[in-house]
Amino acid sequence: SQKIEQNSEALNIQEGKTATLTCNYTNYSPAYLQWYRQDPGRGPVFLLLIRENEKEKRKERLKVTFDTTLKQSLFHITASQPADSATYLCALDLTGGGNKLTFGTGTQLKVEL
Amino acid sequence: DTGVSQDPRHKITKRGQNVTFRCDPISEHNRLYWYRQTLGQGPEFLTYFQNEAQLEKSRLLSDRFSAERPKGSFSTLEIQRTEQGDSAMYLCASSPLSGALNTGELFFGEGSRLTVL
Numbered sequence: 117s118q119k120i121e122q123n124s125e126a127l128n129i130q131e132g133k134t135a136t137l138t139c140n141y142t143n144y145s146p147a148y149l150q151w152y153r154q155d156p157g158r159g160p161v162f163l164l165l166i167r168e169n170e171k172e173k174r175k176e177r178l179k180v181t182f183d184t185t186l187k188q189s190l191f192h193i194t195a196s197q198p199a200d201s202a203t204y205l206c207a208l209d210l211t212g213g214g215n216k217l218t219f220g221t222g223t224q225l226k227v228e229l
Numbered sequence: 008d009t010g011v012s013q014d015p016r017h018k019i020t021k022r023g024q025n026v027t028f029r030c031d032p033i034s035e036h037n038r039l040y041w042y043r044q045t046l047g048q049g050p051e052f053l054t055y056f057q058n059e060a061q062l063e064k065s066r067l068l069s070d071r072f073s074a075e076r077p078k079g080s081f082s083t084l085e086i087q088r089t090e091q092g093d094s095a096m097y098l099c100a101s102s103p104l105s106g107a108l109n110t111g112e113l114f115f116g117e118g119s120r121l122t123v124l
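Sequence order for the protein chains is A and B. If you want my numbering, it's the position in the first sequence, counting the first as 1, plus 116. If you want my numbering, it's the position in the second sequence, counting the first as 1, plus 7.
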């Protein structure tokens, strides 16, 4: 069966450390993989997109890797801040056309002072 | 550009009643999507439109659900004879068609939270 797995338990880290979130998938061959941030009671907000032929993408303090052999994406936030506390969702775009996304369940990140 | 707008933000209804949600996408976006999200889960795809054409519907979208985008601008999602299992956040998103404007990202609204008593 097709599955997208993200850490189900909340990730608690100290301010200034690097947070690493994992997205594993099975029985999918996504063209693109995206990461979104979602705050409680709000809609998801796009962060980064990485294509199947890309290994790594960076944006400010964010870095995403994409390993299509391992079927895994890692999402890193360096120099984390309390304001980074949120739920982070990975999403697969199977066609690359942006027609629809298949989301994981999300990982809740808490950055403590 | 005011982003994707959804109305109402919250709706409480009794089982068996009909509800309708409205979504106004970003004005130059041709594609419009509806997702449903329950507590602790990621958004689940329901349906999407390209202009006024509904191009795909999920099996999650039962006969009680209908979505329209009559003029290719705003969209409505109606749920008839609501059930307690319909309680969820209904999210609308939009994106431009493929091309220079399309970075692949979806622009989500703040959602309409439905509670069925």
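Glycine residues also receive a C-beta, built at the ideal position from the N, C-alpha and C atoms.
Residues of chain A with a CB under 9 Å from the CB of residue i: which are they?
i, result
"L98 of chain B", "G159, P160"
For residue i and chain A, any beta-carbon pair shorter than 8 Å?
i, result
"P15 of chain B", "no"
"P32 of chain B", "no"
"G116 of chain B", "yes"
"P77 of chain B", "no"
"Q48 of chain B", "yes"
Does the beta-carbon of residue i have 16 or more other beta-carbons within 10 angstroms, so that it is buried, or is it exposed?
i, result
"L53 of chain B", "buried"
"G92 of chain B", "exposed"
"K216 of chain A", "buried"
"Y144 of chain A", "exposed"
"S34 of chain B", "exposed"
"G10 of chain B", "exposed"
"S69 of chain B", "exposed"
Report yes or no: is there a C-beta of chain B within less than 8 Å of the C-beta of residue i?
i, result
"T223 of chain A", "no"
"G144 of chain A", "Checking the sequence, you will find Tyr at residue 144 of chain A rather than Gly. Cβ-Cβ to chain B under 8 Å: no for Y144 of chain A."
"D209 of chain A", "yes"
"L137 of chain A", "no"
"L205 of chain A", "yes"
"L165 of chain A", "yes"
I want to verify the contact list: residues of chain B whose CB lies under 8 Å from the CB of residue i, in sequence order.
i, result
"F182 of chain A", "By Cβ distance, chain B contributes nothing, its closest Cβ being about 13 Å from F182 of chain A, past 8 Å."
"T218 of chain A", "F52"
So which residues on chain B does residue i lean against when the C-beta distance must stay under 7 Å?
i, result
"Q130 of chain A", "Ordered by position in chain B, no residue passes the 7 Å Cβ test against Q130 of chain A, which lies about 25 Å from the chain."
Using the beta-carbon of each residue, which ones in chain B are nearer than 9 Å to residue i?
i, result
"Y148 of chain A", "G111"
What does residue i touch in chain A if you count any residue whose Cβ is under 7 Å from its own?
i, result
"Q61 of chain B", "Near Q61 of chain B there are no residues of chain A at all, since even the closest Cβ is about 12 Å away, more than 7 Å."
With a threshold of 7 Å, establish whether the CB of residue i neighbours any heavy atom of the ligand ADP.
i, result
"T20 of chain B", "You won't find the ligand ADP in this model; it holds no ligand whatsoever."
*When the Cβ atoms of the stretch 218 to 229 of chain A are set against those of the stretch 13 to 25 of chain B, are three or more pairs found closer than 8 Å?*
no
*How about the stretch 64 to 79 of chain B and the stretch 110 to 120 of chain B: do they share at least three Cβ pairs that are nearer than 8 Å?*
no
*asked:* Contact between the stretch 154 to 163 of chain A and the stretch 183 to 190 of chain A is defined here as three or more beta-carbon pairs at a separation below 8 Å; is this criterion met?
replied: no
*What residue ranges within the stretch 122 to 177 of chain A form continuous beta strand (DSSP E) runs of no fewer than 3 residues, ordered along the chain?*
127 to 130, 135 to 142, 148 to 154, 161 to 167, 172 to 175
*asked:* To test your reading of the DSSP string, which unbroken beta strand (DSSP E) runs of 3 or more residues are found completely within the stretch 189 to 222 of chain A?
replied: 202 to 209
*Count the CB pairs spanning the stretch 163 to 175 of chain A and the stretch 119 to 138 of chain A that are closer than 8 Å, and state whether there are at least three.*
no
*Okay, do the stretch 23 to 38 of chain B and the stretch 194 to 213 of chain A touch, 3+ Cβ pairs below 8 Å being the bar?*
no
_Just to confirm the assignment: which complete beta strand (DSSP E) runs, minimum length 3, are found wholly within the stretch 52 to 107 of chain B?_
60 to 64, 72 to 75, 82 to 86, 95 to 102
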